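The structure appears below as structure tokens.
Structure, rendered in structure tokens:
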């Protein structure tokens with residue numbers, strides 16, 4: 052993915068009360084959170100971002116300086132500016148970003164929006180997001196594909212107040228990017244459960260499988276660095292295309308749900 056094209060895909064809002072450097076910073080933070088920019092590829096030169104977005108050099112410089120001071124990016128002499136390593140491992144591998152997992156296998160990830168609506172938060176969802184009864188949330192259901200083959204469904208619920216300007220067009224880029232741009236929230240921790248299920252008719256149809264076929268379900272709550280929950284997601288993955296990888300040792304353990 053071309054970082055320059057990704058960062059400059061849309062113009063900044065000149066009429067917004069949010070300073071331009073802050074808008075740019077939140078956009079880059081969102082792209083980091085969604086793994087759209089990785090630690091192996093340098094960020095575009097400040098001059099190129101200035102040209103593409105029509106910004107002053109001081110605006111872009113302020114943005115980059117803030118990112119450096121917050122430890123989100125690092126400057127490497129003679130090489131450029133890169134995403135800080137710790138951010139890519141901040142959340143668990145169980146619910147690791149789909150695009151990152153698929154690209155690691157040399158395949159092309161794509162997504163299709165199955166539904167997008169606003170619903171009231173009730174029951175367990177309300178409790179997990181710590182919301183008032185009936186507070187509105189965005190419910191986004193997407194189909195994830197690898198080289199055009201359906202791999203998982205993803206139903207994410209996010210409080211509307213954290214991303215009031217969410218649209219289908221913005222979802223085509225990244226949900227986490229949109230949340231970061233609107234509220235500055237970034238994923239830092241996850242609480243996730245994995246269980247085995249059989250596909251119902253709707254999930255089977257979306258994944259191109261037979262009804263009753265085995266699948267793996269991940270139920271995830273995502274928190275920012277201050278432990279504010281801002282997303283609850285249910286991911287249903289084909290059992291024939293995923294496996295659970297455990298690493299156990301004296302220094303700790305890791306759990307990863309991998310494409311197979």
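Residue numbers (my numbering): 52 to 311. We put the beta carbon where it would ideally sit given N, CA and C, even for glycine. Quantities reported herein were computed from a predicted structural model and do not represent experimental measurements.
For residue 73, the uninterrupted alpha helix (DSSP H) run begins and ends at 71 to 84, by DSSP. For the 9 Å CB-CB criterion, residue 87 and residue 57 form a contact. Between residue 246 and residue 265, the gap from beta carbon to beta carbon reaches 9 Å or more. Residue burial is scored here from C-beta neighbours: residue 169 has fewer than 16 other C-beta atoms within 10 angstroms and is therefore classed as exposed. Assigned with DSSP and collapsed to three states, residue 68 falls in coil, not helix or strand. Ranked by Cα distance from residue 76, the first of 53, 66, 62, 118 is 118. When DSSP states are grouped into helix, strand and coil, residue 129 belongs to the coil group. By the CB criterion at 9 Å, residue 241 and residue 210 fall outside the cutoff. Residue pairing by DSSP places residue 229 in no beta bridge whatsoever. Nearest C-alpha to residue 225 among 195, 243, 254: 195.
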